[in-house]
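Line by line, the protein sequences are chains A and B.
Our numbering puts the first residue of the first sequence at -11, with every later residue one more than the last.
Our numbering puts the first residue of the second sequence at 4, with every later residue one more than the last.
Remarks on the structure that follows.
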Amino acid sequence: MLAIVSLCARIAVIRPRFAVGYLIVAIVAILAILAPLIAPYSPTEADSTNFLQSPGGSHLFGTDNVGMDIFSRAIYAPRIDLTIAILGTVLSALLGGSIGALVGYYSSGRGIRVWVSFAVMRAADVLQAFPVFVFAIALVASLGQSIQTVVLAIAFVNAPIYLRLMRSQVLSLRSMRYVEASTVNGLSDFQTITRHVIPNAMAPVLAQLSINVGWGILLTAALSFIGAGVRAPTPEWGSMIAMGFQNVVTGQWWPSMFPGAMLAITVFGFSLVGASIEVLADPAKRRQLLNDARQRPAGRAAAASKRQSLEQV
Amino acid sequence: MSDLFTRVKLGPSRRQFLQTVAAAGGAAMLPASPGTGEAFAQGAGDTLVIAAPATPQGLDIEFDVSIGSIDSLGALYEYMLAYEKVEDPNAPGVLREDTSVHADKPNNMALKGRLAEAWDVSPDGRSATFKLREGVKSNWGNLFTSKDVKWTWDRKFNLKGQGLFQTAVLGLNSPDQIKVEGDYALSFNLDKPNPLLLKQQCNLANPIYDATKCAAVGGSADPWAVNFLKNDSAGFGPYKLAQLVRGQQAVFEARDDYWDTKPAMKRVIMREVPQSASRFSLLQGGAVDIAQFLQPRELEALKSQKTVAVDAVNSSYMIWLELNAKIAPFDNVDVRRAVNMAIPHDEIIRTIYYGYADPQTAPMPYIYPMADKSFFSFNYDLAKAKALLEKAGAGKGLNTTLSYNAGDPTQEPIALLIQTSLRQIGIELTLEKLPAGVFYENVTKRAKPMIFYLDSPWTPDPGYSTYLYFNSKSYVNYSNYVNTDVDALITEGLGTLDNAIRLEKYKKVQKTLMEDAPWGFIAYPKYTLARKANLKGFTYYTSNNLRFQDFSRR
């Protein structure tokens, strides 16, 4: 256990951006969980006696134009943003991944399955041809404004990504000996796919998941910014920015700046985590990283000794 | 219309404007440089540049009453009559229509002739004869005659647009009730007396068209020139349209052959700037002369600037909640009263409007004759509100939805204050933000239990206002309010010219409406104008629109 912690610490030293990413995500997650304990005010109660108070004093981040405490709302917001983004992303991975696995597995050979695979891929092309944001707005407009709809919108716009990712993985895996062996041993296609193909195709999907959670948060905020996401006064970064950005021109920057900064930092954190997973999921990159991490103390000692000898000279 | 794009040399080009916008944006970031962009508007002293939320979508009042359209209308068209102007008692330097009752004047009103030089109402109030002005030409050079007036009203009967309301409210059942009595004489003949007969001649919705031009361009395929008037004008007003590029700009040019005083502003450029923050920056940077419909917070910020002036006048605007009487829980009058008791008027006016509004205390604009605030009994009282809810059988609380317009930045914060307040009496509101188009569709469908509405009745008359919003047969009665006694009183009030009788009837109407609480009464927002300090002449009209001919520079 100690060795693992030590290895992680060394990875953090040689790849500090990964550590920053995990730290940001951890802080945001902790804020989301502990928000009811940390928030000094209700995130949804207006207080007209304290509207547009500047940051400081009893309101750390100030108040918005109806007197709601921005700090309380900003730390409550990840509860909604993270939940929507994670649910939407997982749903898209399940949907796109499972279809992609089937399409990849049956994309060669003959018969109706090939045609179905072809049709599915072309449908994915059509879906991806739409600008993501426009597609999400259309979904929300047709299904109605609610958290569930935003989750569905994120799932739908991201599903083709997982479909393609999983399909390309499965295409290369399906000719592997162990897959053939499982078929020869009498396993059904379903059993082969679920026991041997999907588990071995998951690495890039996992890396994509973290990146897409960041995108999901951004999409949620963007939809809320234009009024198509979550409903006021639910604390959500996008809707907070939308409510506050008009104030910037008259000098009240805080109602939109703080949620905007938190949104940017969180998305940045998730993209760093995604980058780290990409490295850790790739055997060659992972080996390189671990080698670097193991050599790091020796390298540092050598550098210190060299510096000392130079000082003596 | 296509020749409109080439037939005049326009003012500043789009590129110049964008450069100025960029400069103004920079100026907004630098408080010490208020003069940036000044050259744009100052360079042309007789050019008025307006930053508007929208350019006109259409120029035909029959089908379009959007903000840009109504601002264009008063410049392009002339009217039969107008109210005299008086100094606004609360806003120095601002004029407004004198809409009050004048017992010492003919017909008890302070009217002046425009296209009609003289007029006479019969003693029984059932007919009015107008003597029309001679020598007036349209922007197409055609002489004004009684046929133009007749054609204008015939058009309302035939197109069945908003003009049908104009005919109905006057009690006109047939085009034959408007008779040409000669080239320069015309009469309106009603079945019953109607106190609105003269007032409606001033209404912005009743411009007089150049029938000769309209007939020529429309031909037999479009006898009422619908296609032409949507994109161009044929009127007797002080300006003509030089360019209309929807979503970008509309340009108006003063007419040299206008019959009355020539406008000081020879060219008016109305630029579409949808965001109020951008309009604010443009005015602050000196790139425009007028920034329309700024947020109250922005108006406050402009007050400290020497180069900018802010006018705020009591207006005919009202903002209220339509409490749908046919949808639970608002089918119960006590729930409607409870909501009214819990609307935090003072908080809304202080926090959202920064004082640029007054509490709504009557079911019609408080500036209109016979408006009576003495029946208003909904002072903020949560204990009474809770008691009313209990009386309604909803003591344990209830849930409902409040819908609001995403296009109006004041509605969301008002909704949040109301939500917080109603929560304290056990009403949990779900807030529903609707895009502007969807919002108005929902208002007219009357399918929401509780929805915001901002509007103003243009004719300063209690009968007109109450008929519009509370008559059970009115299209605009969006709260589904039905009270046969109120219907009868409104109709009776519209059937007599005796102001004492009218006052008595409309007092009863207002008292009943306050008791029945079909609306959640919120506020009377003021009409505000943010302008350059060197601009003068702003006049307030009850139709809440600008008339470019009023403005000049100091």
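Note that CB positions come from ideal geometry on N, CA and C, so glycine has one too.
On a predicted model such as this, the values are computed, not experimentally measured, just so you know.
What does the alpha-carbon distance come out to for the pair residue i and residue j?
i                     : j                     : result
residue 553 (chain B) : residue 154 (chain B) : 28 Å
residue 579 (chain B) : residue 204 (chain B) : Residue 579 (chain B) cannot be examined here, being either before or after the span of chain B that is shown, 4 to 557.
residue 151 (chain B) : residue 467 (chain B) : 26 Å
residue 181 (chain A) : residue 108 (chain A) : 18 Å
residue 208 (chain B) : residue 336 (chain B) : 35 Å
residue 310 (chain B) : residue 55 (chain A)  : 32 Å
residue 85 (chain B)  : residue 451 (chain B) : 39 Å
residue 433 (chain B) : residue 246 (chain B) : 45 Å
residue 27 (chain B)  : residue 312 (chain B) : Interpretation of residue 27 (chain B) is limited by its pLDDT of 45, a score under 50 that renders its predicted location unreliable; the figure taken from the coordinates is listed afterwards. Distance between the alpha carbons of residue 27 (chain B) and residue 312 (chain B) is about 17 Å.
residue 36 (chain A)  : residue 359 (chain B) : 16 Å
residue 499 (chain B) : residue 374 (chain B) : 18 Å
residue 265 (chain B) : residue 126 (chain B) : 37 Å
residue 59 (chain B)  : residue 167 (chain B) : 22 Å
residue 540 (chain B) : residue 97 (chain B)  : 7 Å
residue 146 (chain A) : residue 278 (chain A) : 32 Å
residue 476 (chain B) : residue 51 (chain B)  : 43 Å
residue 302 (chain B) : residue 6 (chain A)   : 48 Å
residue 61 (chain B)  : residue 233 (chain B) : 5 Å
residue 411 (chain B) : residue 236 (chain A) : 18 Å
residue 281 (chain B) : residue 244 (chain B) : 26 Å
Can the beta-carbon of residue i be found less than 8 Å from the beta-carbon of residue j?
i                     : j                     : result
residue 403 (chain B) : residue 199 (chain B) : no
residue 493 (chain B) : residue 524 (chain B) : no
residue 188 (chain B) : residue 212 (chain B) : no
residue 248 (chain B) : residue 272 (chain B) : no
residue 57 (chain B)  : residue 274 (chain B) : no
residue 484 (chain B) : residue 496 (chain B) : no
residue 189 (chain A) : residue 266 (chain A) : no
residue 320 (chain B) : residue 349 (chain B) : no
residue 371 (chain B) : residue 464 (chain B) : yes
residue 297 (chain B) : residue 106 (chain B) : no
residue 454 (chain B) : residue 325 (chain B) : yes
residue 304 (chain B) : residue 239 (chain A) : yes
residue 52 (chain A)  : residue 245 (chain A) : no
Span of the beta strand (DSSP E) holding residue i?
i                     : result
residue 189 (chain A) : No beta strand (DSSP E) contains residue 189 (chain A), which is instead part of the alpha helix (DSSP H) from 186 to 213.
residue 133 (chain B) : 130 to 135
residue 50 (chain B)  : 50 to 55
residue 181 (chain B) : 181 to 185
residue 179 (chain A) : Careful: residue 179 (chain A) lies outside any beta strand (DSSP E), inside the alpha helix (DSSP H) at 177 to 180.
What is the residue span of the alpha helix (DSSP H) that residue i lies within?
i                     : result
residue 169 (chain B) : 166 to 173
residue 250 (chain A) : 242 to 269
residue 216 (chain B) : 214 to 221
residue 301 (chain B) : 299 to 305
residue 470 (chain B) : 465 to 473
residue 225 (chain A) : 225 to 232
residue 79 (chain A)  : 58 to 93
residue 535 (chain B) : Counting along the chain, residue 535 (chain B) falls outside any alpha helix (DSSP H), though it belongs to the beta strand (DSSP E) covering 530 to 535.
residue 448 (chain B) : 439 to 448
Is residue i buried or exposed, if buried means 16 or more other CB atoms sit within 10 Å of its CB?
i                     : result
residue 231 (chain B) : buried
residue 38 (chain B)  : Since pLDDT at residue 38 (chain B) reaches only 39, below the 50 mark, its modelled position is unreliable, and the value read off the structure follows with that caveat. Looking at its Cβ environment, which holds fewer than 16 other Cβ atoms inside 10 Å, residue 38 (chain B) is exposed.
residue 203 (chain A) : buried
residue 144 (chain B) : exposed
residue 164 (chain A) : exposed
residue 522 (chain B) : buried
residue 105 (chain A) : buried
residue 398 (chain B) : exposed
residue 118 (chain A) : exposed
residue 315 (chain B) : buried
Write down the C-beta distance between residue i and residue j rounded to the nearest angstrom, noting that I regard them as a contact closer than 8 Å.
i                     : j                     : result
residue 139 (chain B) : residue 114 (chain B) : Contact flag wrong, Cβ pair sits at about 18 Å.
residue 243 (chain A) : residue 68 (chain A)  : In fact, because the Cβ distance is near 18 Å, the residues do not count as touching under 8 Å.
residue 391 (chain B) : residue 429 (chain B) : In fact, because the Cβ distance is near 11 Å, the residues do not count as touching under 8 Å.
residue 419 (chain B) : residue 34 (chain A)  : 5 Å
residue 639 (chain B) : residue 279 (chain B) : With chain B running from 4 to 557 in the structure shown, residue 639 (chain B) is simply not present.
residue 149 (chain B) : residue 186 (chain B) : 6 Å
residue 79 (chain A)  : residue 143 (chain A) : 4 Å
residue 197 (chain B) : residue 128 (chain B) : 7 Å
residue 2 (chain B)   : residue 201 (chain B) : Outside the modelled stretch of chain B, which goes from 4 to 557, sits residue 2 (chain B), for which no answer is possible.
residue 92 (chain A)  : residue 158 (chain A) : 3 Å
Measuring only from the beta carbon, is residue i closer than 7 Å to any heavy atom that is part of the ligand HEM?
i                     : result
residue 275 (chain A) : You won't find the ligand HEM in this model; it holds no ligand whatsoever.
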